[in-house]
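*Asks:*
4 protein chains.
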Amino acid sequence: MDQPYELLPEQFQINPSLPIYEQFVEAIQRRIISGLIPPGSRLPSVRDLAAGRGVNPTTAARTYQELERMGLIVTYRGQGTFVTREDAVIGEARKVIMRKAIKEFKAAADTLGITAEQLLEFDKEDSNDIL
Amino acid sequence: MDQPYELLPEQFQINPSLPIYEQFVEAIQRRIISGLIPPGSRLPSVRDLAAGRGVNPTTAARTYQELERMGLIVTYRGQGTFVTREDAVIGEARKVIMRKAIKEFKAAADTLGITAEQLLEFDKEDSNDIL
Amino acid sequence: MDQPYELLPEQFQINPSLPIYEQFVEAIQRRIISGLIPPGSRLPSVRDLAAGRGVNPTTAARTYQELERMGLIVTYRGQGTFVTREDAVIGEARKVIMRKAIKEFKAAADTLGITAEQLLEFDKEDSNDIL
Amino acid sequence: MDQPYELLPEQFQINPSLPIYEQFVEAIQRRIISGLIPPGSRLPSVRDLAAGRGVNPTTAARTYQELERMGLIVTYRGQGTFVTREDAVIGEARKVIMRKAIKEFKAAADTLGITAEQLLEFDKEDSNDIL
DNA sequence: GTGGTCTAGACCACT
DNA sequence: GTGGTCTAGACCACC
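Chains as they are written, first to last, in UniProt numbering: chain S, 1 to 131; chain R, 1 to 131; chain U, 1 to 131; chain A, 1 to 131.
1. Apart from the five residues on each side of it in sequence, which residues of its chain come closer than 8 Å, Cβ to Cβ, to Phe82 of chain A?
2. Mind checking the UniProt domain "HTH gntR-type" (18-86) of chain R against chain U and listing, in chain order, the residues whose C-beta falls within less than 7 Å of any C-beta there?
3. Applying the 10 Å Cβ sphere with the 16-neighbour rule, what's the burial state of Leu120 of chain U?
4. Taking 8 Å as the threshold (beta carbon to beta carbon), is Phe12 of chain A in contact with chain U?
5. When you compare each of A:Ile20, A:Gly91, A:Glu104 to Arg53 of chain A by their alpha carbons, which one comes out closest?
6. Please confirm if Ala93 of chain U has its CB atom under 8 Å from at least one CB of chain A.
7. Measuring CB to CB, does Gln29 of chain A end up less than 8 Å from Ala93 of chain A?
8. Helix, strand or coil for Phe12 of chain S? Go by DSSP, reduced to three states.
9. Which class does Asp2 of chain S belong to by DSSP, given the choice of helix, strand or coil?
10. Got a sec: is the Cβ-Cβ distance from Thr111 of chain S to anything in chain R below 8 Å?
11. Kindly indicate which three-state DSSP category Ile73 of chain U falls into: helix, strand or coil?
12. So is Ala101 of chain U in contact with chain A if we call contact Cβ pairs under 8 Å?
13. Comparing the C-beta of Tyr5 of chain S with each C-beta of chain R, is any distance below 8 Å?
14. By Cβ distance, which residues of its chain are closer than 7 Å to residue 186 of chain A, with the 5 residues on each side in sequence left out?
15. Using 10 angstroms around the beta-carbon of Phe12 of chain U, count the other beta-carbons present and answer buried if the total reaches 16, otherwise exposed.
16. Please report the distance separating the alpha-carbon of Glu6 of chain R from that of Ala60 of chain A.
17. Hey, out of R:Glu117, R:Asn56, R:Leu8, R:Pro38, whose CA is closest to Val25 of chain R's CA?
18. If you count every other CB in all the chains shown that lies within 10 Å of the CB of Asp2 of chain S, and 16 or more means buried, which is it?
19. Alpha carbon to alpha carbon, what distance is there between Ala107 of chain S and Thr63 of chain S?
20. If you compare alpha carbons, which of S:Ile33, S:Asp126, S:Glu68 is closest to Lys100 of chain R?
21. Going by the beta-carbon positions, is the gap between Phe105 of chain R and Phe122 of chain S smaller than 8 Å?
22. Using a beta-carbon distance below 8 Å, is Lys124 of chain S in contact with chain A?
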């Protein structure tokens with residue numbers, strides 16, 4: 001079997017109100033960064049991805065195009081598309097995601113007039129309320 | 001002074017790549033939720049908001065319509081638009097925002113294979129690195 | 001005491017998203033038709049109604065104007081406004097309301113592909129479900 | 001034939017004194033709820049609906065936006081607008097309409113000092129009178 | 001004065 | 001081709 005991994009979670013649900021290619025990019029990016037799809041892995045062809053998920057081939061193509069722009073995947077003409085082997089790139093993408101998540105979380109806390117720690121703390125109390 | 005508050009931050013910058021009315025909705029929503037604009041306050045008229053920010057009146061109207069649908073503001077025909085006096089609605093909107101922020105933060109942490117606490121912790125180390 | 005009745009229910013709530021005068025007309029109409037406000041009763045002045053409910057005098061004036069057009073009230077210049085003493089008018093208004101309510105109810109049932117009787121029957125089952 | 005159904009009744013008449021988009025929303029909602037337009041059906045494009053009924057495309061767009069907010073239809077970016085396949089949503093909308101109709105009918109009966117059953121009964125006698 | 005709606009026509013992103 | 005958004009300007013009902 002060429003691909004012992006799944007490019008996307010099996011039950012991946014497309015949200016029709018957001019660009020499909022964006023949802024694909026983010027989901028695949030997460031799987032690469034988390035190591036679920038190891039460096040050097042061969043990705044399915046644009047046609048296969050499109051057929052497998054029932055989307056337009058141009059949508060699949062745009063997905064790969066964005067990931068390539070980020071440096072997470074590389075295309076070798078005539079051979080296919082692969083996850084980069086440069087760990088530094090993956091590590092940097094990981095950090096970018098971390099910083100982005102933290103920045104947004106802090107911004108939300110700031111808006112609410114509390115600290116990020118307090119916001120995270122709220123979650124535990126809130127869960128108790130629901131019980 | 002009729003309005004001792006500012007509906008939007010003075011230096012509010014419109015991001016041309018996102019719907020203007022969405023940016024307005026979010027920004028105003030935050031100010032209401034955080035208490036910066038107190039319950040019962042009168043909001044500027046659709047025309048004033050439009051003129052003040054250099055957008056079309058229909059764009060300003062749509063902003064108010066969305067906020068009204070959320071229950072955060074109420075319009076009195078022929079009189080104007082006001083922040084709701086129902087604290088429960090505001091409190092609920094506040095919780096919705098908190099839960100959304102927490103959910104996204106946890107999802108990001110999950111993707112990275114760490115806990116939300118660890119992700120938040122990373123921020124401090126990271127800041128040190130930059131120094 | 002000039003008015004042993006209340007023109008409007010004490011806790012009458014104005015819905016800001018509908019014309020106020022329409023809400024007043026309908027509420028007063030109901031009270032006249034149901035006999036809560038007897039024929040010949042003197043109604044409060046436009047100014048008193050406006051002040052009592054905190055609305056614009058023009059809104060109160062328009063309310064009386066509409067009721068007068070329906071023939072339910074009569075204005076004697078210099079004396080005030082009174083509920084008509086013509087029972088036939090009140091009786092006819094009563095029938096108009098009945099027919100309107102029935103027509104709307106049947107239309108709704110028709111849309112749903114059931115009879116008015118079935119729709120009314122649904123109510124009892126539905127109430128049980130909630131319990 | 002792409003659309004074996006009619007989105008709106010052929011002889012649908014626009015009432016100029018009510019918002020057009022509201023009339024559209026209600027009429028289409030009824031056809032979806034009654035099953036005349038089956039789940040998954042593709043609706044005419046915004047432009048086609050507008051052209052067919054002689055209204056502005058933005059008015060047609062607003063119609064679809066409202067229906068989407070209710071959950072009755074879903075739009076797939078770049079592909080079109082479709083009736084939801086979630087029967088539960090349609091069923092719930094159906095119940096909402098039923099409850100609203102019953103509530104209004106009972107309120108009318110209450111105003112008249114009779115029961116809903118009596119009001120419905122009146123209809124038969126009344127019809128005889130007219131004969 | 002207020003908000004609500006509609007038209008006309010343009011531009012954009014997505015598929 | 002699809003829907004989504006914005007501008008420009010008009011008309012209306014309501015208060």
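In this text, a Cβ means the ideal position worked out from N, Cα and C, and glycines have one as well. Predicted model, so just to flag it, every value in this text is computed and none were measured.
*Replies:* Inspection of the coordinates gives the following:
1. Here residue 82 of chain A is taken as the residue at index 82 of the fourth sequence, counted from 1. Once the five neighbours on either side are set aside, the close Cβ partners of Phe82 of chain A are Gly40, Ser41, Arg42, Leu43, Ile73, Val74, Thr75, Tyr76.
2. Val74, Thr75, Tyr76, Arg77
3. Taking the third sequence and counting its residues from 1, one reaches residue 120 of chain U at position 120. Its Cβ being crowded by 16 or more others within 10 Å, Leu120 of chain U is buried.
4. Indexing the fourth sequence from 1 puts residue 12 of chain A at position 12. It does not; no Cβ of chain U falls within 8 Å.
5. Here the question's residue 53 of chain A lines up with position 53 in the fourth sequence. The residue with the shortest Cα to Cα distance from Arg53 of chain A is A:Ile20.
6. Here residue 93 of chain U corresponds to residue number 93 of the third sequence, with the count starting at 1. By this cut-off, Ala93 of chain U is not an interface position.
7. The residue given as residue 29 of chain A occupies position 29 in the fourth sequence. The residue given as residue 93 of chain A occupies position 93 in the fourth sequence. Remark: C-beta atoms of Gln29 of chain A and Ala93 of chain A approach each other more closely than 8 Å.
8. Numbered from 1 along the first sequence, position 12 holds the residue referred to as residue 12 of chain S. Looking at Phe12 of chain S - three-state DSSP - the assignment turns out to be coil, as it is neither helix nor strand.
9. Within the first sequence, numbered from 1, the residue matching residue 2 of chain S stands at position 2. Note on Asp2 of chain S: pLDDT 49, under 50, position unreliable in the model; no value is reported.
10. Numbered from 1 along the first sequence, position 111 holds the residue referred to as residue 111 of chain S. Thr111 of chain S counts as touching chain R.
11. The residue you call residue 73 of chain U lines up with position 73 of the third sequence. Ile73 of chain U falls in the strand class under three-state DSSP.
12. Position 101 of the third sequence holds residue 101 of chain U. By this cut-off, Ala101 of chain U is an interface position.
13. Start at 1 with the first residue of the first sequence, and residue 5 of chain S comes out as number 5. With 8 Å as the cut-off, Tyr5 of chain S does not count as an interface residue toward chain R.
14. Summary: the structure shown does not reach residue 186 of chain A, with chain A confined to residues 1 through 131, and so no result is reported for it.
15. Along the third sequence, read from residue 1 onward, the residue named residue 12 of chain U stands at position 12. It is exposed - the Cβ of Phe12 of chain U has fewer than 16 other Cβ atoms within 10 Å.
16. As a working mapping, residue 6 of chain R is identified with position 6 in the second sequence. As a working mapping, residue 60 of chain A is identified with position 60 in the fourth sequence. Cα to Cα, Glu6 of chain R sits roughly 35 Å from Ala60 of chain A.
17. As a working note, residue 25 of chain R is residue 25 in the second sequence. Out of R:Glu117, R:Asn56, R:Leu8, R:Pro38, R:Leu8 has the C-alpha closest to the C-alpha of Val25 of chain R.
18. By 1-based counting over the first sequence, the position of residue 2 of chain S is 2. Model confidence at Asp2 of chain S stands at a pLDDT of 49, short of 50, so the residue's coordinates are unreliable and nothing is read from them.
19. In the first sequence, counting from the first residue as 1, residue 63 of chain S sits at position 63. In the first sequence, counting from the first residue as 1, residue 107 of chain S sits at position 107. Taking the straight line joining both Cα atoms gives about 29 Å.
20. The residue you call residue 100 of chain R lines up with position 100 of the second sequence. Comparing Cα positions, the closest option is S:Asp126.
21. Numbered from its first residue, the second sequence carries residue 105 of chain R at position 105. Numbered from its first residue, the first sequence carries residue 122 of chain S at position 122. Not in contact: Phe105 of chain R and Phe122 of chain S (Cβ atoms no closer than 8 Å).
22. Against the first sequence, residue 124 of chain S aligns to sequence position 124. Not closer than 8 Å to any Cβ of chain A, the Cβ of Lys124 of chain S fails to qualify, so no.
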